[in-house]
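*Asks:*
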RNA sequence: AGGGGCAUAGUUCAAGGGUAGAAUAGCGGUCUCCAAAACCGUUGAUGGGCGUUCGAAUCGCUCUGCCCCUG
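Here it is in structure tokens:
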């Protein structure tokens, strides 16, 4: 079996990824139970305790069935990043591997997963508030002004980056200006070594079936009280954590910009768009093995039947 | 039943008789720390028929469908 550790005692991280709504939660629990291990979530939104219904966290029963990590462990009021996740998740895995040969990791945040598997280069701390300042300058001076500044401080990035994307330009400037060295000079392009094997499995379903599951799940989430949850978070709608599919649309509804049924349709649509982006993101990672739920069960869960 | 209006991309809306555009969806992609974010590329349409004209989305007739008013 692919996940069995070999004689050298190296531990295995079994990564169960896939687009939103594909059915990762259920299968990850089956898998973890079979392996008598625990689940580490790699989801940039389920990590926030204030957002539960709208991020489709596992049910209380599911959470009780298998120990979960990084579900509701942080607050929307703190700034969280892929870099922090890399550090915290690595530390947790080190602990878990002391008592387990296998650990199951599941979630859908591509950048977080890459941060954990390959590492993110060590960028020095940036000047607090600089990013906000730069974003404001885009409004007042225009993106082109920042581009020209980037051309001076970091010509390498100016050549490589997507200069139409404000986030990218601001990020490169933020680092370059804070440190006084070009952003590009911190990029090593080297993957960090990890003291465990990583098996990447992505769950796959036909596009139509996936979209149908997404549409239905959004309706279920509404029945579970998503609207009330979102209403409670409305005062914090400008926090980065709440720049999230579903909450945004509900906030627009609260603002009277749409009707409730329009909001729900938009949530379904944008969740489908998100699923597509995830599939695109993983498309270039050739180490990922794509399987249908049935194939996964045959390969890893046959002993249960 | 009579009168009026409308008909353009999946949807919403443009185009003084002269190359049918946009937004959005759809499809595809980018990605080194706000990533459920941000950004890029692209398919696709004049309801049917007849006529006027060098030339019709645009003018006329007709059919079909939808909306409004009157009874």
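In this note's numbering, the protein residues as written are 1167 to 1471.
Just so you know, even glycine gets a beta-carbon here, dropped at the ideal spot from N, CA and C.
Everything numeric in this text was worked out from a predicted model, so none of it was measured.
Using a threshold of 8 angstroms, state whether the C-beta atoms of residue 1280 and residue 1352 are closer than that.
*Replies:* The residue you call residue 1280 lines up with position 114 of the first chain. The residue you call residue 1352 lines up with position 186 of the first chain. Contact: no.
*Asks:* By DSSP's criteria, residue 1362 is part of a beta bridge. Which residues make up the other side?
*Replies:* As a position in the first chain, residue 1362 is number 196, starting the count at 1. According to DSSP, residue 1362 bridges with 1177.
*Asks:* Quick check on the burial criterion: 16 or more other C-beta atoms within 10 angstroms. Buried or exposed for residue 1168?
*Replies:* One-based indexing of the first chain puts residue 1168 at position 2. Bear in mind that the predicted position of residue 1168 carries a pLDDT of just 49, short of 50, making it unreliable; the figure below should be weighed with that in mind. Classification for residue 1168: exposed.
*Asks:* Which residue's Cα is closest to the Cα of residue 1448: 1256, 1234, 1422 and 1184?
*Replies:* Taking the first residue of the first chain as position 1, residue 1448 is located at position 282. Residue 1448 has its Cα closest to that of 1184, out of 1256, 1234, 1422 and 1184.
*Asks:* Residues in the same chain with beta-carbon distance under 6 angstroms from residue 1403, minus the five sequence neighbours each way, listed in chain order, please.
*Replies:* Translated into the one-based positions of the first chain, residue 1403 becomes position 237. The answer, listed in chain order, is 1417.
*Asks:* If you count every other CB in all the chains shown that lies within 10 Å of the CB of residue 1452, and 16 or more means buried, which is it?
*Replies:* Residue numbering aside, residue 1452 sits at position 286 when the first chain is read from its first letter. Counting every other CB atom within 10 Å of its CB across the protein chains shown gives residue 1452 a total below 16, marking it as exposed.
*Asks:* Compare the Cα-Cα distances from residue 1363 to each of 1217, 1395 and 1284 and report the closest residue.
*Replies:* The residue you call residue 1363 lines up with position 197 of the first chain. Nearest C-alpha to residue 1363: 1284.
*Asks:* Apart from the five residues on each side of it in sequence, which residues of its chain come closer than 6 angstroms, Cβ to Cβ, to residue 1432?
*Replies:* For the purposes of this step, residue 1432 is taken as residue 266 along the first chain, with counting starting at 1. For residue 1432, where only same-chain residues beyond five positions count, the Cβ hits under 6 angstroms are 1415.
*Asks:* Tell me the DSSP bridge mates of residue 1457?
*Replies:* On the first chain, residue 1457 is found 291 positions in, with the first residue counted as 1. DSSP output for residue 1457 lists 1369 as bridge partner(s).
*Asks:* Along the beta strand (DSSP E) that carries residue 1206, what are the first and last residues, could you check?
*Replies:* Translated into positions along the first chain, residue 1206 becomes position 40. Element bounds for residue 1206: 1205 to 1207.
*Asks:* Identify which residue in 1277, 1199, 1438 and 1321 has its Cα closest to the Cα of residue 1347.
*Replies:* Within the first chain, residue 1347 is the residue found at index 181, counting from 1. Considering only alpha carbons, the answer is 1321.
*Asks:* Can you tell me the Cβ-Cβ gap for residue 1224 and residue 1369, rounded? I've got them flagged as a contact below 8 angstroms.
*Replies:* The residue labelled residue 1224 in the question sits at position 58 within the first chain. The residue labelled residue 1369 in the question sits at position 203 within the first chain. Incorrect: roughly 15 angstroms between the Cβ atoms, too far for contact.
*Asks:* Using a Cβ-Cβ cut-off of 6 angstroms (strictly less than) and excluding sequence neighbours within five positions of residue 1170, which residues of its own chain qualify?
*Replies:* Locating residue 1170 in the first chain gives position 4, counting from the first residue. Residue placement at residue 1170 is flagged as unreliable, the pLDDT there being 49, under the threshold of 50; the coordinate-derived value follows with that caveat. Here the set comprises nothing.
*Asks:* DSSP beta-bridge partners for residue 1183?
*Replies:* The residue you call residue 1183 lines up with position 17 of the first chain. DSSP, once it has assigned bridges, lists 1368 as partnering residue 1183.
*Asks:* Please classify residue 1394 as buried or exposed, where buried requires at least 16 other C-beta atoms within 10 Å of its C-beta.
*Replies:* Within the first chain, the letter at position 228 stands for residue 1394. Under this definition residue 1394 is an exposed residue.
*Asks:* Since residue 1270 sits in a beta bridge, which residues does DSSP pair it with?
*Replies:* Sequence index remark: in the first chain, residue 1270 carries index 104 (1-based). Bridge partners of residue 1270: 1180 and 1205.
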